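Down below is the structure, laid out as structure tokens.
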Amino acid sequence: MTLSPPPPPSSSYTTLVFPCLWPLSHSKLRSRTSTKKKSLNLWRPLLVSASASASPSPCCSGPRALIFNCDGVILESEHLHRQAYNDAFAYFNVRYSNSPEPLNWGSEC
95 MTLSPPPPPS SSYTTLVFPC LWPLSHSKLR SRTSTKKKSL NLWRPLLVSA
145 SASASPSPCC SGPRALIFNC DGVILESEHL HRQAYNDAFA YFNVRYSNSP
195 EPLNWGSEC
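Going by the numbering used here, the letters in the sequence shown line up with residues 95 to 203, in that order.
Structure follows, in structure tokens:
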């Protein structure tokens with residue numbers, strides 16, 4: 095990660111340079127006389143700017159609403175939780191003390 099030169103005192107902006115996750119186009123790297131693609135692993139820098147202010151702007155002063163999803167109110171998700179628990183029980187071999195099978199949280203519980 096490379097930091098840019100310090101911004102002027104009146105500015106609160108900072109620019110960071112990160113390597114990107116996509117390579118430079120091979121077409122830009124080819125020689126005009128060569129028809130073979132070169133296998134180059136060159137990466138473009140990604141410029142990211144961030145700023146902060148002492149007081150938030152009116153449009154971004156905080157959340158306007160919160161959504162609480164009590165299980166089954168917005169989305170019926172109990173079966174998804176049960177499946178996730180059962181998968182974890184099987185993966186970690188969680189068992190009742192006298193059972194040869196992993197613990198299974200069934201829908202009748």
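Glycine residues also receive a C-beta, built at the ideal position from the N, C-alpha and C atoms.
Model, not experiment: these values are computed from the prediction.
Residue i beta carbon near the ligand SAM (any heavy atom closer than 7 Å)
{"i": "residue 195", "result": "This structure lacks the ligand SAM, and indeed carries no ligand of any kind."}
Alpha-carbon spacing of residue i relative to residue j, whole angstroms
{"i": "residue 200", "j": "residue 193", "result": "15 Å"}
{"i": "residue 198", "j": "residue 156", "result": "43 Å"}
{"i": "residue 171", "j": "residue 178", "result": "11 Å"}
{"i": "residue 173", "j": "residue 195", "result": "20 Å"}
{"i": "residue 167", "j": "residue 184", "result": "29 Å"}
{"i": "residue 176", "j": "residue 182", "result": "10 Å"}
Same chain, Cβ closer than 6 Å to residue i, five either side skipped, listed in chain order
{"i": "residue 119", "result": "Any answer about residue 119 is weak, because its pLDDT of 46 lies below 50 and its placement is not dependable; what the coordinates show is given next. Correct list: empty, nothing qualifies."}
Neighbourhood of residue i by C-beta distance below 7 Å, restricted to the same chain and skipping five residues each side
{"i": "residue 186", "result": "none"}
Span of the alpha helix (DSSP H), counted from its first residue to its last, around residue i
{"i": "residue 180", "result": "172-185"}
Within-8 Å CB hit, residue i to chain D
{"i": "residue 157", "result": "Protein chain content of the structure displayed is limited to a single chain, and chain D is not contained in it."}
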